[in-house]
Amino acid sequence: MITSNRYTSAACNRTPESLDWGEDGLIYFAACHAIAVFDSNFQESSKIVRTLYGHTARVNTVKKIRNVPPAEKTVDLVSGSDDGTCVLWDSGEGVKYTLKGHSKGVTQVEAIYHQRDGLLVATGSADSSVKLWRREGDQFECFQTIDLRTGYCFALKFCTLPRSGGVMLACATDNDLVTLYVSSGEQFVVAEKLSGHSDWVRGLDCVTEGEDLLLASSSQDSFIRLWRFSPRDQVRAQRSFEEFSADEDIVLEERVFSVEFEGKSFHYAFSLESVLQGHEGWVYGVHFNKQDAQLRLLSSSIDKTLTIWSPSPDSGIWYENVRVGEVGGSSLGFYGGKFSPDGKSIIGHGFQGSLHLWHQDPANSTLWTPGTIIGGHFSAVRDLAWDPQGGHFLVTLSADQTTRIHAEWSKARTWHEIARPQVHGYDMQCLALLSRYRLASGAEEKIVRVFQAPGNFVENFQQLCGVAREADGDGEEILKTTPQGASVPSLGLSNKPVFNVDAEPEPDKKHV
């Protein structure tokens, strides 16, 4: 007997930095103890094509390693987990290296290929430390531990400094600062600290622009700050006020740090490029994209929006270009978002594990349309049942307080979630299908509820799944006798029927 995986349903773990879009076009996201590999363009639809197993506890963070040299293609993915390990993966095969050393869960990971040191890996943990790793022979060894005392690491980002090619590590902790570490010999030392945010910094990303480096930091204060790093041939000496001539322009004082790389000294001046305001809640993530010399920044916030920012070609001032997201509902916004490699698509992952995909319209660059996406439960699946008439759909029930129906889309031959017949206020425990369009479910409040499919679900199911109406006896009966739809009251636990009734015109009671 030959078996194959037809459908994998999973939600993204509810942690920041738990999803990344690789240069291979595949999306990698944390799903419980595993990493799901998602193809957003599978047969003009979407599908989880494989899963990677190597952790024994929840995966907190997943990152694709950029600019992998051809000789190092065997390691291109890194992840961190509550089991206290960081795993380096060959995304096509599985685990290559497991880095052990933290006493608590690994919450942040970052990796970069460097021309001198090879693959450098940084891991941040709940044990209040950041560890730096590099390859020593056939293994990876920790060559430095940064003690945060009682601090907590929220974000890590390796940057390659222009001109020198040296490595800088940006680290955001719970002191509202971004600490910059630069390589000095065999260790990383503190070069500068970026201040300005009034709350924890949750996201970091960088990009080169000519000979300059741009670093973006996002914070729980709802602001995004852009920092520009520019090479300098020498450090400009400070002068007193009396040393300035009357006709000399007054310029802002430059803050400069130096890097020693391969026996030479390189100087870098940095300044605050811009402060972006537009979100109304915590900003969890930022991601740069540069295509055709056009620089853009994607920000993801708990205010239920993803925003694309870009600089004006004339003034260079950054402004909000596109805003997408959710309207209404009970979700609590986005934990992160990423551009596709070509910059023509964006994906966000939400508080309840949902994924949201948008594609740029070819004819209108400011118009973004939703794409076909996958989904799944974000907590333990407690029970399931197959359609008793031919197995056209699968009903699942979970501790995430929802019941979901999954079926095959006849157009693309891929499976998707097509309905949620029950969104409850208690964790679900069991279910049974009494017929194709009637189910019973039980939850922790010890009540069994029976649900009947409304007419609009039957119509959608028949059209999406290619089920002939004449062959669906139960469906025809439901279309004649049951309500058209159902709604969930704001403070209720049971769905209420919605009828399609032709409204009669009210009699004219006006008098002359």
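Going by the numbering used here, the first residue of the sequence shown is number 766, and it counts up by one from there.
No residue lacks a Cβ here, since even glycine has one placed at the ideal position from N, Cα and C.
Spatially closest choice to residue i from the options, by CA coordinates
i, options, result
"VAL947", "GLN1117, PHE988, CYS907, SER1023", "SER1023"
"GLY1113", "TYR772, ASP785, THR773, SER774", "ASP785"
"ASP711", "CYS797, HIS798, ILE792", "What is shown of the chain runs 766 to 1277, which leaves residue 711 out entirely."
"THR1168", "ARG990, GLY1190, PRO1254", "GLY1190"
"PHE1143", "ASP986, ALA1164, HIS1157, ASP1152", "ALA1164"
"VAL1215", "PRO1254, ARG1201, PHE1226", "ARG1201"
"HIS1157", "ARG900, VAL802, ALA1233", "ALA1233"
"CYS1195", "GLN904, HIS1032, GLU1210", "GLU1210"
"ARG1020", "GLU1045, PRO1078, ARG900, LEU959", "LEU959"
"SER949", "ASP939, TRP965, ASP941, VAL932", "VAL932"
"ALA796", "GLU858, VAL1253, GLN808, GLY819", "GLY819"
"VAL852", "LEU817, GLU1224, ALA836", "LEU817"
"ASN770", "PHE794, ASN806, GLU906, LYS812", "LYS812"
"TYR917", "HIS1124, ARG899, LEU926, THR938", "THR938"
"ARG1185", "GLY1043, ASN1260, ILE1212", "ASN1260"
"ARG928", "SER783, THR973, LYS1069, ALA1251", "THR973"
"GLY790", "GLU1173, ASP1107, TYR862", "ASP1107"
"LEU1229", "GLN985, GLU1182, VAL1188, VAL1213", "GLU1182"
"GLU1045", "THR915, LYS1029, PHE1026, THR1070", "THR1070"
"ASN778", "THR826, THR821, THR768, VAL802", "THR826"
"LYS828", "ASN806, ALA920, ARG900", "ALA920"
"GLY1043", "GLU1027, VAL1089, SER1096, HIS1032", "VAL1089"
Beta carbon of residue i nearer than 7 Å to that of residue j
i, j, result
"SER893", "HIS867", "no"
"THR1137", "SER810", "yes"
"GLY1220", "LEU1204", "no"
"GLY1098", "ILE1067", "yes"
"LYS1109", "HIS1052", "no"
"GLN952", "GLN909", "yes"
"ARG1278", "ALA1058", "This structure gives no information on residue 1278, because the portion of the chain shown stretches from 766 to 1277."
"ALA799", "ILE830", "no"
"GLU1091", "TRP1074", "no"
"TYR772", "TRP1180", "yes"
"GLY1141", "ALA776", "yes"
"SER1036", "TRP1083", "no"
"ALA1177", "GLN808", "yes"
"GLN1166", "ASP1126", "no"
"ASP977", "ARG990", "no"
"LEU1041", "ILE1111", "no"
"GLY1101", "SER1077", "no"
"TYR878", "PRO834", "yes"
"TRP1047", "GLN1117", "no"
Outcome for residue i when other beta-carbon atoms lying within 10 angstroms are tallied against a minimum of 16
i, result
"ASP970", "buried"
"SER1119", "buried"
"GLN873", "buried"
"PHE923", "buried"
"VAL954", "exposed"
"ASN1129", "exposed"
"GLY968", "buried"
"GLU957", "buried"
"MET766", "exposed"
"SER1145", "Going by the sequence as given, residue 1145 is Ala instead of Ser. Per the 10 Å Cβ criterion, exposed."
"PHE1264", "exposed"
"LYS869", "exposed"
"ASP841", "buried"
"GLU788", "exposed"
"PRO1254", "exposed"
"ASN1054", "buried"
"GLN1187", "buried"
"SER1080", "exposed"
"THR944", "buried"
Beta bridge counterpart(s) of residue i as assigned by DSSP
i, result
"MET1193", "ALA1208"
"SER1023", "HIS1032"
"ASN1054", "ARG1061"
"PHE1104", "ILE1111"
"HIS1181", "ALA1172"
"TYR1049", "Answer by DSSP bridge pairing: none, since TYR1049 is not bridged."
"CYS797", "Its beta-bridge partners do not exist; DSSP assigns none."
"GLU875", "ALA887"
"GLU1085", "TRP1074"
"ASP945", "The sequence given here places Leu at residue 945; Asp does not occur at that position. ALA935, GLU957."
"GLU906", "ARG899"
"SER846", "VAL824"
"VAL1253", "Per DSSP, none; premise fails for VAL1253."
"TRP992", "LEU980, LEU1037"
"ILE813", "PHE803"
Cβ of residue i within 7 Å of any chain D Cβ
i, result
"ALA1218", "Any reference to chain D falls outside this structure, which holds one protein chain only."
Supposed contact pair residue j and residue i - C-beta distance, whole angstroms, cut 8 Å
i, j, result
"GLN846", "ARG823", "Note that residue 846 is Ser in the sequence shown, not Gln. About 6 Å; that satisfies the 8 Å criterion."
"LEU913", "VAL886", "Not really, about 18 Å apart at Cβ, beyond 8 Å."
"LYS865", "GLY849", "7 Å"
"GLU782", "GLY1050", "7 Å"
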